Amino acid sequence: MIRAYFNLPNWFSPKFGKYSWILQGVIMQNSKIVSKQKHIVLTSHPGGLASKPLSVHWGESEPSKRGPIIGTLTNPAHRNVIGTHSGSYSVYRALAVASGALQASHRADLTNTSPVVAIGPHPSWADANKIVALDPFGAMVGEAYADLYKQGYDIRPTIAITQAHINMPELQDAIAKGRLLVDGRIVKSGGSLVVTKIAIDPVWYLPGLAKRLKVGESDLRRALFQQTGGMYPELVTRPDLQVFLPPIGGITVYLLGDVAAITEPNRKLAVRVHDECNGSDVFGSDICTCRPYLVHGLEVCVQTAQEGGAGILVYFRKEGRALGEVTKFLVYNARKRQEGGDRADAYFSRTECVAGVQDMRFQELMPDVLHWLGITQIDRFVSMSDMKYNAIVNSGIKVINRIAIPEELIPADAQVEIAAKQAAGYYTEGSAPDAVTLTQIKGRNLVS
Ligand SMILES: [Zn+2]
8 MIRAYFNLPN WFSPKFGKYS WILQGVIMQN SKIVSKQKHI VLTSHPGGLA SKPLSVHWGE
68 SEPSKRGPII GTLTNPAHRN VIGTHSGSYS VYRALAVASG ALQASHRADL TNTSPVVAIG
128 PHPSWADANK IVALDPFGAM VGEAYADLYK QGYDIRPTIA ITQAHINMPE LQDAIAKGRL
188 LVDGRIVKSG GSLVVTKIAI DPVWYLPGLA KRLKVGESDL RRALFQQTGG MYPELVTRPD
248 LQVFLPPIGG ITVYLLGDVA AITEPNRKLA VRVHDECNGS DVFGSDICTC RPYLVHGLEV
308 CVQTAQEGGA GILVYFRKEG RALGEVTKFL VYNARKRQEG GDRADAYFSR TECVAGVQDM
368 RFQELMPDVL HWLGITQIDR FVSMSDMKYN AIVNSGIKVI NRIAIPEELI PADAQVEIAA
428 KQAAGYYTEG SAPDAVTLTQ IKGRNLVS
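If you count the sequence shown from 1, you need to add 7 to reach the numbering used here.
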């Protein structure tokens, strides 16, 4: 009967013995789950639900006028966005619900979860063009929408702010060499740093995002719909829903020093904007400069905070220039196996061969988090990337000094990457290598 109901092909017949029984077991479990839910409510057309959800007026300065972002699935009639909370982890939530480990109706108890320090509000929060990729009120929903929460609306924070100690072994080396001082306040003995940690989930205001990318909103919606395999039909059927919670990784901000120093013009601010590179950041892979630059950025942040200013390290989950780690490792192989070995002059073209583009990070959206923090001027920008620099400056933030990675921190095998970047116009305090030099800078062989 089960086989007939699910219209299984013949190769699932009992003659396949135990595999068939395993499969039937899975199906029986699934049919139990399906039977729990009586029907599926389609939200792919406006007016499909009895009541109208609360509207969102992006760019309003008052959270009550702007309206809450409701992306939970506990009450479909309340939803006023496309997609759902927790970025890419929403898919794991689906597995937890499917397996029976999580009640789909669970509503978060937010007792004692409020931010440890207040950020904002800042004038940029009320500018619909300055912030389009996160919800400026995301950390304060507990207080801003307390009444609605009591009425039964399941409003979840998209930003969480906590405090922590972090420690990387390189920092102890910096202390030993006298570059960093233990002050007991920002740097503890043993090299631990006292940081404010902020996690941010992406919240996209689609009209603003389209404007930022200089494309039509309907073209953007269509591409998002098609390139996710049709995962969110509302992108194309619900123009009335203007906010999308995309299933992608978020941002972590590590803040050193006094929060108030971020916006005070006479106190210095250091910023490093770092895009995830798991192989180097966590495991110390030597093919690139990511971890050395990450640590160097932290060091400059600490020094600036100790001078009475603040330091901000923003960590984006955009692995491998947002191409992902599979593509990245394919590129590593292609680079090392090409004729003449891994060469600086062929660095970018290998990525383009595999991925179709050199970079997919869209730094145009990156400055939003800086505007959310209230930044209008960066005294020390610890990055060589022109794309990041241009995006920040074009968004209206002044950058006083750019700081490149010190030579001695570049691993030998990463000379290919750094030389290629310098030749492509990345910021350097020295001179960029010419075409001849570029052909001579080689990396290690693939297997050695
Ligand atoms: Zn890297």
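We treat Cβ as the ideally placed atom computed from N, Cα and C, and that holds for glycine.
All values derive from a computational prediction rather than experimental measurement.
Q: Tell me where the beta strand (DSSP E) around H172 begins and ends.
A: I166 to I173
Q) Could you give the uninterrupted runs of the alpha helix (DSSP H) lying entirely in the stretch 204–286, keeping only those of 4 residues or more? A) 213–220, 224–234 and 241–244
(Q) Alpha carbons only, please: which of G127, I162, I410 and Q234 is nearest the one belonging to L305? (A) I410
Q.
Distance check for K428 and Y303, CA to CA, integer angstroms please.
A. The residue asked about is misnamed: residue 303 is His in this sequence, not Tyr. Cα-Cα distance, rounded: 18 Å.
(Q) Taking its Cβ as the centre, do 16 or more other Cβ atoms sit within 10 Å of H129, making it buried, or is it exposed? (A) buried
Q. Is it true that the stretch 265–280 meets the stretch 312–322, where meeting means three or more beta-carbon pairs spaced less than 8 Å apart?
A. yes
Q. So L445 is in the alpha helix (DSSP H); what residue range does that whole segment cover?
A. A442 to Q447
Q | Exposed unless 16 or more other CB atoms sit within 10 angstroms - verdict on L188 | A | exposed
Q.
Nearer than 6 Å: is that true of the beta carbon of S392 relative to any heavy atom of ligand 1?
A. no
(Q) I'd like to confirm something about S438: is its beta-carbon nearer than 6 Å to some heavy atom of ligand 1, or not? (A) no
Q: Since I believe I412 is in contact with T311 (beta carbons under 8 Å), could you give me their beta-carbon distance rounded to a whole number of angstroms?
A: Incorrect: roughly 17 Å between the Cβ atoms, too far for contact.
Q.
For K325, count the other beta carbons within 10 Å of its own beta carbon; 16 or more makes it buried, fewer makes it exposed. Which is it?
A. buried
Q. With which residues is Q384 paired in a DSSP beta bridge?
A. K405
Q. Just checking my contact of V361 with V338 at CB under 8 Å: how many whole Å lie between their CB atoms?
A. 5 Å
Q. Just the Cα atoms here: how many angstroms apart are K221 and F369?
A. 12 Å
Q: Just the C-alpha distance for V98 and E415, rounded to the nearest angstrom, thanks.
A: 43 Å
Q | Endpoints, alpha helix (DSSP H) assigned at Y152 | A | Element bounds for Y152: n/a, residue is neither H nor E.
Q. Going straight from the alpha carbon of D352 to that of S438, what length do you get?
A. 16 Å
Q) To which residues of the same chain is L117 closer than 6 Å at the C-beta, ignoring the five residues directly before and after it? A) G149
Q.
Would A146 and I162 qualify as a contact pair, given that the criterion is a beta-carbon distance under 7 Å?
A. no
Q.
Within the continuous beta strand (DSSP E) that includes T327, where are the two ends?
A. Before going on, a small fix: residue 327 reads as Gly here, not Thr. Premise fails: G327 lies in the alpha helix (DSSP H), E326 to A329, not in any beta strand (DSSP E).
Q) Does the beta-carbon of I9 have 16 or more other beta-carbons within 10 angstroms, so that it is buried, or is it exposed? A) Bear in mind that the predicted position of I9 carries a pLDDT of just 36, short of 50, making it unreliable; the figure below should be weighed with that in mind. By the neighbour-count rule (16 or more Cβ atoms within 10 Å), I9 is not buried but exposed.
**Q.** Endpoints, the alpha helix (DSSP H) within which Y434 is located
**A.** Where Y434 is concerned, there is no enclosing alpha helix (DSSP H), given that its DSSP letter is neither H nor E.
Q) To which residues of the same chain is E436 closer than 8 Å at the C-beta, ignoring the five residues directly before and after it? A) A411
**Q.** CA nearest to the CA of G403, picked from L377, R328 and V139
**A.** L377
(Q) Between which two residues does the beta strand (DSSP E) holding V321 run? (A) A317 to F323
Q) Cβ atoms of I425 and I417: under 7 Å apart, would you say? A) yes
**Q.** Touch test, the stretch 250–264 against the stretch 199–218, Cβ-Cβ under 8 Å, three pairs minimum
**A.** yes
(Q) Taking 6 Å as the limit between beta carbons, can you name the residues of its chain near Y152, skipping five residues before and five after? (A) P75 and I162
(Q) Just verifying my parser: in three-state terms, what is the DSSP assignment at V309? (A) helix
Q | Cβ neighbour criterion (16 or more within 10 Å) applied to E241 | A | buried
(Q) My assumption, with CB atoms under 8 Å, is that Y239 sits in contact with V139. Please give the rounded CB distance. (A) Between V139 and Y239 the Cβ distance is about 18 Å, and since that is not below 8 Å, they are no contact.
Q) What is the DSSP secondary structure of L188, counted as helix, strand or coil? A) coil
Q. Which of the three DSSP states, helix, strand or coil, is assigned to R344?
A. helix
Q | Where G74 sits in the DSSP three-state scheme | A | coil
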